[in-house]
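Just so we're on the same page, my numbering is the position in the sequence shown counted from 1, plus 21. From the three backbone atoms N, C-alpha and C, an ideal C-beta is built for every residue, glycine too. Small disclaimer: the values here were computed from a predicted structure and weren't measured. Down below is the structure, laid out as structure tokens.
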Amino acid sequence: MIEEAIRHGLAAGDVSGAAQLVVQNRQAAVEAENWFELEKWLSILPDDIVQQQPELSLAQAWVHYYHYDYGLIPAVLDRTEYLLNSRPHQHLLSGEINLFKGIVLLFQGDGARSLKHLEDALGRSLRHNITPGLQ
């Protein structure tokens, strides 16, 4: 009932709380391949809120990934990295960023650079005991 909770939070004027619900549940949605739910949650939130939070930005990257819109992912990654520059404590997201960089490079035909990013993503995931979307 996450969608209903998001809508309820927005109706009550708690945009931050509604966004936090998506942040807290995005990883579970990705791991369960419920990208369509994630896409719906993001569409409910105000776009400026999605653009301002790195976790929500990466949620958009997952939606693009599942839609095979690989060409849209680099702009999302650029925005996410810009947001993370002002929030250095969120280094856990850098593994996810490298995962997407590796995927994009692979589909661009740059296997060597892709492998480097994917190995980094895997290393970060293993160090932090997370494997976003890799099941």
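- Residue nearest to GLY116 within the set LEU105, ASP90, GLY144 and ALA133 is GLY144 (criterion: CA-CA distance).
- For the pair GLN45 and LEU63, the CB atoms are not nearer than the 8 Å cut-off.
- Taking the CA atoms as reference points, TYR89 sits about 14 Å from VAL97.
- The three-state reading of DSSP puts GLY130 in coil, since its state is none of H, G, I, E or B.
- Linking ASN106 to ARG28 through their CA atoms gives a straight-line distance of about 31 Å.
- A direct Cα-to-Cα measurement between GLN72 and SER78 gives close to 6 Å.
- The three-state reading of DSSP puts HIS138 in helix, counting H, G and I together.
- Per DSSP, GLY38 is one residue of the alpha helix (DSSP H) stretching across 36-52.
- Collapsing the DSSP output to three states places GLN72 in a helix.
- When DSSP states are grouped into helix, strand and coil, HIS29 belongs to the helix group.
- Between LEU66 and ALA50, the beta carbon gap of about 14 Å keeps them out of contact (Cβ cut-off 8 Å).
- Here ILE23 has LEU42, ASN46 and TRP62 as same chain residues with Cβ atoms under 7 Å from its own Cβ, once five neighbours each way along the sequence are excluded.
- Taking the CA atoms as reference points, TYR87 sits about 23 Å from GLU25.
- For GLU76, the number of other beta carbons within 10 angstroms of its own is at least 16, and it is reported as buried.
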